[in-house]
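*Asks:*
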Amino acid sequence: ATELQRPETTRTITVSNQKGGVGKTTTTVNLAAALADQGFQVLVIDIDPQGNASTALGVPHSADTDSIYDVLIDDLSLADVVADCPDLDRLQVVPATIHLAGAEIELVSLVAREQRLQRALDQYHRYREEQGLERLDYVFIDCPPSLGLLTVNAFVAAREVLIPIQCEYYALEGLSQLLNNIQMIQKHLNPPLTVSTIVLTMYDGRTRLASQVAEEVREHFPEAVLDTLIPRNVRISEAPSYQQSVISYDPSSTGALAYLEAAAEIVTRGAASQR
Ligand code: ADP
Ligand code: MG
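Taking full-length UniProt numbering, the leading residue of the sequence shown gets 56, the next gets one more, and so forth.
1) Report the residue from ASP177, VAL126 and ILE321 whose alpha carbon sits nearest the alpha carbon of LEU165.
2) Taking just the CA atoms, how far does PRO199 sit from ALA156?
3) Determine the direct distance from the alpha carbon of ALA311 to that of residue 332, and round the result to whole angstroms.
4) As a quick exercise: from PHE195, HIS154 and ILE253, pick the residue whose alpha carbon is nearest that of VAL280.
5) Any heavy atom of the ligand ADP closer than 7 Å to the Cβ of ILE160?
6) DSSP state of PRO286, grouped into three classes?
7) Expressed to the nearest angstrom, what Euclidean distance is found between the alpha-carbon atoms of GLN267 and SER303?
8) Checking 8 Å against the spacing of the C-beta atoms, do LEU217 and VAL99 come in under that value?
9) Please indicate yes or no: does the CB of ARG287 lie closer than 7 Å to some heavy atom of the ligand ADP?
10) Is the beta carbon of GLN105 within less than 7 Å of some heavy atom of the ligand ATP?
11) Would you kindly work out how many angstroms separate the C-alpha atoms of ALA56 and ALA167, rounded to a whole number?
12) Using the Cα positions of SER296 and ALA111, report the straight-line distance between them to the nearest angstrom.
13) Are ILE196 and ALA158 close, meaning C-beta to C-beta below 8 Å?
14) Alpha carbon to alpha carbon, what distance is there between ALA91 and GLU278?
15) Find out if the Cβ-Cβ distance for the pair LEU162, GLN96 is shorter than 8 Å.
16) Do TYR193 and ARG66 have their C-beta atoms within less than 8 Å of each other?
17) Less than 8 Å between C-beta atoms, sequence neighbours within five positions excluded: which residues of the same chain meet that for TYR224?
18) Quick one: what does DSSP say ASP192 is sitting in, helix, strand or coil?
19) Which residue spans inside the region 257-303 form an unbroken alpha helix (DSSP H) run of at least 4?
20) Closer than 6 Å by C-beta to PRO62: which residues in its own chain qualify, once you throw out the five before and the five after it? Chain order, please.
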C-alpha cells in the first residue's frame, strides 16, 4: 500500500446535514476508523444526543458517563471524557449521552456559547502536546440533524465541513438552508470554514435515480464531491449492532473498501490543498 501523508496540522471536519438518516454518523465513524486503520491519529467527537457514533465505536455512553455534555456545559476538559475505541488503535471517541438533549437550551444562557467546543478542542491540543502525546491528524465531529447551537459549536470548532448526501429524490432539498447557515458562520464566527467534502452515500447503482442524483450533485459542487461513491451495503448497516465500524467488522466488504477509498481521497485532496 502507498503511504498516505500526515496533514501538516490537525484537520478538523464537521459532518453535518440537517436531514436525519443521510449517513452522517455512518460516514463519521467509518472514515475515522479507516484513517486510524491507515495509521493516523483520529478523534471522533459525538455531539448528537442520540449517541449513535458512540455506540457504533463501542464506547460507553450511558447517562452516568462523563461526556461532551459535561465539556460544553460544565467545563470539564476533553481529556477527562475521551475514551479509546476498543477495536482500533489510534482512534479515540468523545461520547455523547442523553443529557446532551438539554444542552441545546442550556447553552443559550452561557458565555461564549458558540465557542465552547472550539475552546475545549484548543485546550485539548495543548494538553496532548504537554503530555507528550502524538498530535491528532483528524478530528471528526458528528452533528445532530438540526442547525441549533450544538451544530453551531461544531461549525465554529472546525475548518472543514463534510456533507453526506443520500442519492435519493429529495437529496438537494434543504441543502440551501445548510449552505446559508454555513455562510452565516463564515461571516460572523469562523471565516476559514469551507465545505471541503461531499460524500454520496447509500448509492444503489441499479437505479437510474441514484445516478441522476449523483450527477446533479456533482454539477452543483464540482470540487467538493468525492469520486468514491459509498454503496448501499448490508455490512455497513450491520456493523453498529456489533459496536464496530465496518472497517473492523468486515474489512473486505464493499462497504469497508469504499470507506477506505474515500478516506484515502480525503487525505490526498487535503495534501493537494495545503500546497
Ligand atoms: P444520520 O447520522 O445522518 O442520521 P446514519 O449514519 O445513522 O444517518 O444512517 C441512517 C441509517 O442508514 C442507519 O441505519 C445506517 O446503518 C444506514 N446506512 C447508512 N449508510 C449505509 C450504507 N452505505 N449502506 C447501508 N446502510 C446504510
Ligand atoms: Mg447520526
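All residues carry an ideal CB built from backbone N, CA and C; glycine is no exception.
Keep in mind the model is a prediction, meaning the values are calculated, not measured.
*Replies:* According to the structure shown:
1) Checked all of ASP177, VAL126 and ILE321; the closest Cα to LEU165 is VAL126.
2) Each residue's alpha carbon lies about 10 Å from the other.
3) The chain is shown only over 56 to 330; residue 332 falls outside these bounds and no answer can be derived.
4) The candidate whose alpha carbon is nearest that of VAL280 is ILE253.
5) Flag unset: Cβ of ILE160 not near the ligand ADP.
6) In the structure shown, PRO286 falls within a strand segment according to DSSP collapsed to helix, strand and coil.
7) Taking the straight line joining both Cα atoms gives about 32 Å.
8) Judged by their CB atoms, LEU217 and VAL99 are not nearer to each other than the 8 Å cut-off.
9) Yes - the ligand ADP has a heavy atom lying nearer than 7 Å to the Cβ of ARG287.
10) As far as ligands go, the structure on display features the ligand ADP and the ligand MG and does not contain the ligand ATP.
11) Because ALA56 carries a pLDDT of 49, less than 50, the predicted location of this residue cannot be relied on, and the following value inherits that uncertainty. The straight-line gap from Cα to Cα measures roughly 45 Å.
12) As the crow flies, the alpha-carbon of SER296 is around 7 Å from that of ALA111.
13) No, they are not a contact pair.
14) Within the model, the alpha-carbon separation for GLU278 versus ALA91 is close to 25 Å.
15) Not a contact, by the Cβ cut-off of 8 Å.
16) Contact flag set, yes.
17) Here the set comprises LEU264 and VAL268.
18) The answer is coil: DSSP assigns ASP192 none of H, G, I, E or B.
19) Fully contained in the region 257-303 are the following alpha helix (DSSP H) runs of length 4 or more, in chain order: 263-275 and 289-293.
20) So the qualifying residues of the chain are ASP192 and GLY325.
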